[in-house]
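Taken in order, these protein sequences are the chains called A and B. Here the first sequence is numbered in this note's numbering, starting from 910 and rising by one per residue. Here the second sequence is numbered in this note's numbering, starting from 37 and rising by one per residue. Built from N, CA and C at the ideal position, the CB exists for glycine as well. Since we're looking at a predicted model, the values are computed, not measured.
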Amino acid sequence: MKNYISFLVLGVLFGITLIKSEAASWFRIFEMFQFKSFHMYGIIGSAVILGAIVTAVLKKQNTFSGNPIVIKSKNKGFKNYLFGGIIFGLGWALGGACPGPMYALLGSGLVSILVLLFGAVLGAFVFGLVKNKMPF
Amino acid sequence: MELIYKPWAWYVAGPIIVFVLFMLVKLGRNLGMSSNLNTMCTLAGAGKLTDHFKTDWRASSWGLILILGVFLGGVIAFNFLQVEAPQIHPDSVESLQNLGFTSVSQSFFPQEIYSLDALLTFKGFAVILLAGFLVGFGARYAGGCTSGHAISGLSNLQLPSLIAVIGFFIGGLVMVHVLIPLIF
């Protein structure tokens, strides 16, 4: 139960950050793909560099206050990552939102975001149906 | 307090995201947002149609709590933290105005896509549904989205995540430079 409160609080912090940093802004995503501003690259880049340090340290420790640390490795593959990535990128730039921001944008109360999220769930559902036919 | 109301700088947002990632690992989980789309399919009964969704949603319920928090964070930001129109680079403003996006620099959302008026046209509805569909399909095909691949995957030096992020950029560049000018 205590963990659930932690997840909720972390989610709130993540959601506020995505909106207030404008990482969840359609306009910022457009600007990013035009390479016109450092803003989005700064957010993702600083997160990756700091995250890499944190991840390396956590991996060395193996446990954190008694709990085992599991940082999953990604499965091997190429086509699924490239093709899936391209499809994702097309949608990310068109809708100006990836999954995390979608949940946060729903907080604006806009009906359109509900349709966007419904589309995302539908996409995940259709992928589940055709998964075995897709190149991996 | 004034600082919270202004748009947050990248060097504030990046470290906060890493703090969230760090805390999730500490709690025995990995940062990822798009896997929750699968959980929602499972909850909606998609397991009846394919084994892909025959999972125990209880094992993923922590993620649903996390995204409930993300949603609440959005509610708090939009209602209490003065969300304003992003002030993007003048060159991007100009190219958007040329495409007919007059709400640029005036609104947080592009009204040309997200307003109720736009949603209630066939084209507008199709654009939003398609955007969502591509994000959901692509993220699950690639096994992750911006959080799972670009942030936690790259932080863990995973080659698959780098391939996925290169894919994100190919798709995004084609959309912004080729397709958006055709669609709008």
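What are the partner residues of residue i, as DSSP defines its beta bridges?
i                      : result
residue 115 of chain B : None; residue 115 of chain B has no bridge partner.
residue 977 of chain A : A/972
Would you call residue i buried or exposed, if buried means 16 or more other Cβ atoms sit within 10 Å of its Cβ?
i                       : result
residue 948 of chain A  : buried
residue 138 of chain B  : exposed
residue 895 of chain A  : Within the shown structure, residues of chain A are numbered from 910 to 1045, placing residue 895 of chain A beyond reach of any answer.
residue 1020 of chain A : exposed
residue 69 of chain B   : buried
residue 105 of chain B  : buried
residue 130 of chain B  : exposed
residue 1044 of chain A : exposed
residue 971 of chain A  : exposed
residue 916 of chain A  : buried
residue 990 of chain A  : buried
residue 912 of chain A  : exposed
residue 1018 of chain A : exposed
residue 217 of chain B  : exposed
residue 4 of chain B    : In the structure displayed, chain B extends from 37 to 220; residue 4 of chain B sits before or after that span and is not available.
residue 148 of chain B  : buried
residue 41 of chain B   : exposed
residue 64 of chain B   : exposed
residue 60 of chain B   : buried
residue 94 of chain B   : exposed
residue 966 of chain A  : exposed
task: Determine which residues of the stretch 915–933 of chain A have a Cβ less than 9 angstroms from any Cβ of chain B, and write them out in chain order.
output: Residues passing the 9 angstroms Cβ filter: 915, 916, 917, 918, 919, 920, 921, 922, 923, 924, 925, 926, 927, 928, 929, 930, 931, 932 and 933.
message: Assess contact between the stretch 1003–1015 of chain A and the stretch 925–945 of chain A, defined as three or more Cβ pairs (one per stretch) separated by less than 8 angstroms. Is contact present?
response: As far as the Cβ criterion goes, the stretch 1003–1015 of chain A touches the stretch 925–945 of chain A, which means the pair count is three or higher.
- prompt: Taking one C-beta from the stretch 48–67 of chain B and one from the stretch 948–968 of chain A each time, how about it: are there three or more such pairs within less than 8 angstroms?
  reply: Yes: at least three Cβ pairs fall under 8 angstroms.
message: Pairs of beta-carbons, one from the stretch 73–88 of chain B and one from the stretch 977–996 of chain A, closer than 8 angstroms: are there three or more?
response: When Cβ pairs closer than 8 angstroms are counted between the two stretches, the stretch 73–88 of chain B is seen not to touch the stretch 977–996 of chain A, the count staying below three.
Contacting positions in the stretch 989–1008 of chain A - beta carbon closer than 8 angstroms to chain B: Identification of residues in the stretch 989–1008 of chain A having a C-beta nearer than 8 angstroms to some C-beta of chain B yields 989, 990, 991, 992, 993, 994, 995, 996, 997, 998, 999, 1000, 1001, 1002, 1003, 1004, 1005, 1006, 1007 and 1008, given in sequence order.
field: Any 3 or more C-beta pairs closer than 8 angstroms across the stretch 208–215 of chain B and the stretch 934–943 of chain A
entry: Yes: at least three Cβ pairs fall under 8 angstroms.
Contact list for the stretch 96–107 of chain B against chain A, Cβ threshold 7 angstroms: Residues passing the 7 angstroms Cβ filter: 98, 101, 102, 103, 104, 105, 106 and 107.
- prompt: Given a limit of 9 angstroms on CB to CB distance, which residues of the stretch 190–201 of chain B reach chain A?
  reply: If you check each beta-carbon in the stretch 190–201 of chain B against every beta-carbon of chain A, the ones closer than 9 angstroms belong to 190, 191, 192, 193, 194, 195, 196, 197, 198, 199, 200 and 201.
message: For the pair the stretch 180–196 of chain B and the stretch 987–1007 of chain A, tell me if three or more CB-CB distances fall below 8 angstroms.
response: Cβ pair count under 8 angstroms is three or more, so yes.
field: Proximal residues, the stretch 956–967 of chain A versus chain B, C-beta separation under 9 angstroms
entry: Within the stretch 956–967 of chain A, the qualifying residues are 956, 957, 958, 959, 960, 961, 962, 963, 964, 965 and 967.
- prompt: Touching or not, the stretch 93–101 of chain B and the stretch 192–204 of chain B, by the rule of three or more beta carbon pairs under 8 angstroms?
  reply: Touching, no, given that fewer than three Cβ pairs across the two stretches are closer than 8 angstroms.
- prompt: Of all the beta strand (DSSP E) runs that stay within the bounds of the stretch 63–126 of chain B, which reach a length of 3 or more residues?
  reply: The qualifying runs do not exist here; there are none.
- prompt: Taking Cβ-Cβ distances below 9 angstroms as the criterion, which residues of the stretch 972–987 of chain A are in contact with chain B?
  reply: Cβ contacts with chain B: 973, 974, 976, 977, 978, 979, 980, 981, 982, 983, 984, 985, 986 and 987.
- prompt: Along the chain, which unbroken stretches of the alpha helix (DSSP H) at least 4 residues long are found entirely within the stretch 914–997 of chain A?
  reply: As far as the stretch 914–997 of chain A is concerned, its whole alpha helix (DSSP H) runs of at least 4 residues are 935–942 and 948–970.
- prompt: Counting Cβ pairs, one atom from each stretch, are 3 or more of them under 8 angstroms apart for the stretch 132–148 of chain B and the stretch 106–121 of chain B?
  reply: Counting Cβ pairs under 8 angstroms, three or more are found: they touch.
message: Taking contact to mean 3 or more Cβ pairs, one atom from each stretch, closer than 8 angstroms, check whether the stretch 167–177 of chain B and the stretch 985–1000 of chain A are in contact.
response: Touching, per the Cβ criterion.
message: Tell me which residues of the stretch 150–177 of chain B have at least one Cβ-Cβ distance to chain A shorter than 9 angstroms, keeping chain order.
response: Of all residues in the stretch 150–177 of chain B, the ones placed with a Cβ closer than 9 angstroms to any Cβ belonging to chain A are 150, 151, 152, 154, 155, 160, 161, 163, 164, 165, 166, 167, 168, 169, 170, 171, 172, 173, 174, 175, 176 and 177, in chain order.
- request: Kindly provide the ranges of any alpha helix (DSSP H) runs that are 4 or more residues long and lie completely inside the stretch 116–189 of chain B, ordered along the chain.
  value: List check, alpha helix (DSSP H) in window: 126–134, 147–150, 152–155 and 158–178.
field: Meets three-Cβ-pair contact criterion under 8 angstroms: the stretch 147–158 of chain B and the stretch 1030–1042 of chain A
entry: Counting Cβ pairs under 8 angstroms, fewer than three are found: no touch.
- request: Taking a Cβ distance cut-off of 8 angstroms, strictly less, list which residues of the stretch 1020–1045 of chain A are near chain B, in chain order.
  value: If the cut-off is 8 angstroms between Cβ atoms, the stretch 1020–1045 of chain A has 1020, 1021, 1022, 1024, 1025, 1026, 1027, 1028, 1029, 1030, 1031, 1032, 1033, 1034, 1035, 1036, 1037, 1038, 1040 and 1043 near chain B.
- prompt: When you check each C-beta in the stretch 39–56 of chain B against every C-beta of chain A, which residues fall closer than 9 angstroms?
  reply: Listed by position, the residues of the stretch 39–56 of chain B near chain A (Cβ gap below 9 angstroms) are 40, 41, 42, 43, 44, 45, 46, 47, 48, 49, 50, 51, 52, 53, 54, 55 and 56.
Length-filtered (4 minimum) alpha helix (DSSP H) runs lying within the stretch 1004–1045 of chain A: With a minimum length of 4 residues, the continuous alpha helix (DSSP H) runs that stay inside the stretch 1004–1045 of chain A are 1008–1014 and 1020–1039.
query: According to a CB-to-CB cut-off of less than 8 angstroms, which residues of the stretch 81–93 of chain B neighbour chain A?
result: Only 82, 85, 86, 88 and 89 from the stretch 81–93 of chain B bring a Cβ to less than 8 angstroms from some Cβ of chain A.
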